[in-house]
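Enquirer:
Residue numbers (this note's numbering): -2 to 327.
(1) When the Cβ atoms of the segment 245 to 258 are set against those of the segment 224 to 231, are three or more pairs found closer than 8 Å?
(2) Please name the residue, chosen from 262, 280, 72 and 70, that lies closest to residue 188 on a Cα-to-Cα basis.
(3) Taking residue 89 and residue 13 to be in contact with their CB atoms under 8 Å, please state how far apart those CB atoms are, rounded to whole angstroms.
(4) Three or more C-beta pairs under 8 Å: does that hold for the segment 63 to 70 against the segment 39 to 54?
(5) Does residue 36 pass the burial test, meaning 16 or more other C-beta atoms within 10 Å, or should it be called exposed?
(6) Let me know the secondary structure DSSP gives residue 85 once reduced to three states.
(7) If you draw a straight line from the C-alpha of residue 225 to the C-alpha of residue 216, how long is it?
(8) Beta strand (DSSP E) containing residue 231: first to last residue?
(9) Going by the CB atoms, is the gap between residue 34 and residue 56 shorter than 9 Å?
(10) Can residue 209 and residue 317 be called in contact, C-beta distance under 9 Å?
(11) Taking just the CA atoms, how far does residue 15 sit from residue 86?
(12) Here's the rule I'm using: 16 or more other beta-carbon atoms within 10 Å means buried, otherwise exposed. How should residue 324 be labelled?
(13) For a test of the three-state rule: what should DSSP assign to residue 23, helix, strand or coil?
(14) With distances taken Cα to Cα, identify the nearest neighbour of residue 186 among 270, -1 and 264.
(15) Only counting runs of 3 or more residues, tell me where the beta strand (DSSP E) segments fall wholly within the segment 115 to 144, in order along the chain.
(16) Return the chain-ordered list of same chain residues with a C-beta closer than 8 Å to the C-beta of residue 307, the five sequence neighbours on each side being excluded.
(17) Could you give the first and the last residue of the continuous alpha helix (DSSP H) run that contains residue 5?
(18) In whole angstroms, what is the alpha-carbon distance linking residue 335 and residue 142?
(19) Do residue 117 and residue 309 have their C-beta atoms closer together than 9 Å?
(20) Who are the Cβ neighbours of residue 299 in its own chain at under 8 Å, not counting the five residues just before and after it?
(21) Compare the beta carbon distance of residue 234 and residue 221 with 9 Å and say whether it is the shorter of the two.
(22) Tell me whether the beta-carbon of residue 183 lies closer than 9 Å to the beta-carbon of residue 288.
(23) Quick one: give me the first and last residue of the beta strand (DSSP E) that residue 264 is part of.
(24) Please tell me whether, using a cut-off of 8 Å, the distance from the CB of residue 100 to the nearest non-hydrogen atom of the ligand MN is below it.
(25) What is the DSSP secondary structure of residue 248, reduced to helix, strand or coil?
(26) Please work out which residues of its chain come closer than 6 Å, Cβ to Cβ, to residue 313, disregarding the five sequence neighbours upstream and downstream, and give them in chain order.
(27) Where residue 79 and residue 214 are concerned, what is the direct C-alpha to C-alpha distance, given to the nearest angstrom?
(28) Could you spell out where the alpha helix (DSSP H) holding residue 290 opens and where it closes?
(29) Unbroken alpha helix (DSSP H) runs of length 4 or more, entirely within the segment 11 to 67: which are they?
(30) If you run the structure through DSSP and keep just helix, strand and coil, what is residue 302?
(31) Output yes or no for whether 9 Å exceeds the beta carbon distance between residue 198 and residue 258.
(32) May I ask which residues mark the beginning and end of the alpha helix (DSSP H) holding residue 206?
(33) With DSSP as the reference, label residue 210 as helix, strand or coil.
(34) Tell me the DSSP bridge mates of residue 184?
Quick look at the structure:
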């Protein structure tokens, strides 16, 4: 049975990428009758913690407050948004349609060989929002398929799905632009309390449950290490306030990864800066793996995560474990 055409629902939103969000929004409202909804500043991954790289003006369509256009402007020179704007000019970045069965649509698209920007559905564990982007080769713009829940209400855009929007652009930039636009950290929102998340993270014995570090062990003296093909690598985990630091000690030096945990209204936010020295394609790969790890961490902390999202995260972690196990250094 031919699964196409896909069963698309209503238009969820569309996004314009422009140099001046205020001027573009003002034209839509004053001349075309669009209505103001909200302004939103987001960090999609290229700005330091506590700063923003993206400005959104959310407007509703004339006469229909339930459908919106998002007018996006870069707030940081050199961000993926400014690089993409320089390369492709202003205009429609993507059009998003609601679907009832995103997993089924994703499977049909993959089986048909239709190019997507990611090999998995992106899932926000707290709101339940799920999304996937179809690449722009067929249409000249990206197409987003989105499945929302009552919590993931229309017209609300979180840092997680904004980061996925940013990631969708990377393959359309030149090599030098990719080097400058790679993410600097990965963030996720989880259920629970800061104390509970810090306590779970700080136990090295939990690492095989949610990370690619599947061979973490403890010796007779109580020292933790990770067994690899080239030998055992000493591992230490330290807690400094709400920061949990993982440190692997190699002959060439230490490799450090920090997990910063902070309280938010809906639970906690976990922010993971990419380790020092991780750049370019490795940074993109590392960010993808950390994203998978945060999905598994969310599930470990009691979040309801869609089964296919969990499966793909575990598959990604499994592949990366083999890379890490065979790696001679950090």
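Ideal placement from N, C-alpha and C gives every residue a C-beta, glycine not left out.
Expert: On the basis of the supplied data:
(1) yes
(2) 262
(3) 6 Å
(4) yes
(5) exposed
(6) helix
(7) 15 Å
(8) 228 to 237
(9) yes
(10) yes
(11) 8 Å
(12) exposed
(13) helix
(14) 264
(15) 127 to 131 and 139 to 144
(16) 292, 293 and 296
(17) Element bounds for residue 5: n/a, residue is neither H nor E.
(18) With the chain covering -2 to 327 only, the question about residue 335 has no answer from this structure.
(19) yes
(20) 188 and 189
(21) yes
(22) yes
(23) 264 to 270
(24) No copy of the ligand MN occurs in the structure displayed, which carries no ligand at all.
(25) coil
(26) 289
(27) 45 Å
(28) 277 to 297
(29) 18 to 27
(30) coil
(31) yes
(32) 204 to 207
(33) coil
(34) 268
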